[in-house]
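Undergrad: Residue numbers (our numbering): 55 to 295. Sharing a structure below in structure tokens format, with a few things to ask.
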């Protein structure tokens, strides 16, 4: 993580998400619906639903919207039948990008994603072209100043895979995707609440952008994020402020 601030980039990302809270509600509702459809409407027995609901709560999504999304997934209310699809490609300077979508029309979605890539200096690639550059895992980021030794002991005891201290003092805890909820709950019970947590595709390397290239890369990522069918974007790009 040397050379840039992991903490600053996390805060920047959270700030951008807060700015787009209305759109976030719609996208999180889709994820909740799909999670409930796949694993049932009880968060106690459906880890993916628990993660999606927690994501909604983190941006103050109203409880009635969460409940409605769950009921659409379980069939109690009529809803759209979404399918999951992932697209891969390259951004400025060859930075890897993966785009996860939920859609009711794959023809429309692939056209919109391809257009966003090409319009903003990227290239959409074939399946698997960049996936090897990412690791599927649970990730939690704790604020600078957190007791490193105590957190590390608690994380290891809870079953975390790895604990990394970044140059800026923030601490990153990595888990297996299936252990994310259990480790997070254990750490919160021990008094350690992450500032940012998710099940993600964590880049194995990074492409740091500054100046004009940073502006161009951010425009590409924004164009993809603004598409209604796009749920998550994973990239090796790091935009320096």
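The C-beta atom is built at its ideal place from N, Cα and C for all residues, glycine as well.
Of all the options 282, 292 and 233, which has the alpha carbon lying nearest to the alpha carbon of residue 259?
TA: Walking along the chain shown from the start, residue 259 turns up at place 205. It is 292 whose Cα lies nearest to the Cα of residue 259.
Undergrad: Out of 191, 79, 171 and 202, point me to the one whose CA is closest to residue 119's CA.
TA: By 1-based counting over the chain shown, the position of residue 119 is 65. The residue with the shortest Cα to Cα distance from residue 119 is 79.
Undergrad: Count the other CB atoms, across all protein chains shown, that sit within 10 Å of the CB of residue 290; report buried if there are 16 or more and exposed otherwise.
TA: Your numbering for residue 290 matches position 236 in the chain shown. Buried, because 16 or more other Cβ atoms sit within 10 Å of the Cβ of residue 290.
Undergrad: Tell me whether the beta-carbon of residue 136 lies closer than 8 Å to the beta-carbon of residue 164.
TA: For this step, residue 136 is matched to residue 82 along the chain shown. For this step, residue 164 is matched to residue 110 along the chain shown. Contact: no.
Undergrad: Quick test of the definition: if touching needs 3 or more C-beta pairs under 8 Å, does the stretch 175 to 185 touch the stretch 229 to 240?
TA: no
Undergrad: Between which two residues does the alpha helix (DSSP H) carrying residue 150 extend?
TA: Numbered from its first residue, the chain shown carries residue 150 at position 96. Run containing residue 150: none in the alpha helix (DSSP H); it sits in the beta strand (DSSP E), 150 to 157.
Undergrad: With DSSP as the reference, please indicate the residues paired to residue 190 in a beta bridge.
TA: Taking the first residue of the chain shown as position 1, residue 190 is located at position 136. When DSSP reads this structure, residue 190 sits in a beta bridge with 255.
Undergrad: DSSP state of residue 139, grouped into three classes?
TA: Within the chain shown, residue 139 is the residue found at index 85, counting from 1. Here residue 139 sits in strand by DSSP.
Undergrad: So residue 283 and residue 166 are supposed to be a Cβ contact under 8 Å. How far apart are they, rounded?
TA: For this step, residue 283 is matched to residue 229 along the chain shown. For this step, residue 166 is matched to residue 112 along the chain shown. That pair is a contact at about 7 Å.
Undergrad: Compute the Euclidean distance between the alpha carbons of residue 55 and residue 81, then round it to the nearest angstrom.
TA: Looking up residue 55 in the chain shown gives position 1. Looking up residue 81 in the chain shown gives position 27. Confidence is the limiting factor: at residue 55 the pLDDT is only 36, short of 50, which leaves the residue's position unreliable, though a coordinate-based value still follows. Distance between the alpha carbons of residue 55 and residue 81: 30 Å.
Undergrad: Taking Cβ positions, are residue 196 and residue 248 nearer each other than 8 Å?
TA: As a first step, residue 196 must be located in the chain shown, where it is residue number 142. As a first step, residue 248 must be located in the chain shown, where it is residue number 194. Yes, the pair counts as a contact, with Cβ atoms nearer than the cut-off.
Undergrad: Whole angstroms are fine: how far does the CA of residue 273 sit from the CA of residue 172?
TA: The residue you call residue 172 lines up with position 118 of the chain shown. The residue you call residue 273 lines up with position 219 of the chain shown. Residue 172 and residue 273: Cα-Cα distance of roughly 12 Å.
Undergrad: With C-beta atoms as the reference, is residue 224 less than 8 Å away from residue 198?
TA: For the purposes of this step, residue 224 is taken as the residue at position 170 of the chain shown. For the purposes of this step, residue 198 is taken as the residue at position 144 of the chain shown. Cβ distance < 8 Å, so residue 224 and residue 198 count as in contact.
Undergrad: By a C-beta neighbour count over all protein chains shown, 10 Å radius and 16 as the cutoff for buried, is residue 229 buried or exposed?
TA: Residue numbering aside, residue 229 sits at position 175 when the chain shown is read from its first letter. Residue 229 comes out buried.
Undergrad: According to DSSP, is residue 268 helix, strand or coil?
TA: Position 214 of the chain shown, counted from the first residue, corresponds to residue 268. Helix, per DSSP.
Undergrad: Looking at C-alpha atoms only, which residue of 191, 151, 213 and 202 is the closest neighbour of residue 277?
TA: For the purposes of this step, residue 277 is taken as residue 223 along the chain shown, with counting starting at 1. Minimum Cα distance to residue 277 is reached at 151.
Undergrad: Any heavy atom of the ligand MG closer than 7 Å to the beta-carbon of residue 239?
TA: In terms of ligand content, the structure shown is empty, and the ligand MG therefore cannot be addressed.
Undergrad: Hey, quick one: how far does the alpha helix (DSSP H) through residue 202 stretch, first residue to last?
TA: Translated into positions along the chain shown, residue 202 becomes position 148. Per DSSP, residue 202 belongs to the alpha helix (DSSP H) from 202 to 212.
Undergrad: Would you check if the stretch 82 to 96 and the stretch 213 to 222 touch, i.e. whether three or more CB-CB distances between them fall below 8 Å?
TA: no
Undergrad: Is it right to say residue 245 is buried, meaning 16 or more other beta carbons lie within 10 angstroms of its own, or is it exposed?
TA: By one-based count along the chain shown, residue 245 stands at place 191. Exposed is the call here.
Undergrad: Beta-carbon within less than 6 Å of residue 125's beta-carbon, same chain only, minus the 5 sequence neighbours each way: which residues are those?
TA: Within the chain shown, residue 125 is the residue found at index 71, counting from 1. Excluding sequence positions up to five before and after residue 125, its CB lies within less than 6 Å of the CB of 131, all in the same chain and listed in chain order.
Undergrad: Hey, residue 254 and residue 191: beta-carbon distance below 8 Å or not?
TA: Taking the chain shown and counting its residues from 1, one reaches residue 254 at position 200. Taking the chain shown and counting its residues from 1, one reaches residue 191 at position 137. Between residue 254 and residue 191, the CB-CB gap stays under 8 Å.
Undergrad: To which residues of the same chain is residue 178 closer than 7 Å at the C-beta, ignoring the five residues directly before and after it?
TA: Residue 178 sits at position 124 when you count from the first residue of the chain shown. Excluding residues within five positions, the ones whose Cβ falls inside 7 Å are 141, 143, 167, 168 and 171.
Undergrad: By Cβ distance below 6 Å, which residues in the same chain neighbour residue 104 in space, the five residues on each side in sequence not counted?
TA: Numbered from 1 along the chain shown, position 50 holds the residue referred to as residue 104. Within the same chain, residue 104 has close Cβ partners 97 and 235.
Undergrad: Using only alpha-carbon positions, find the residue among 211, 222 and 95 that is nearest to residue 14.
TA: Examination of residue 14 is not possible in this model, given that the chain is present from 55 through 295 alone.
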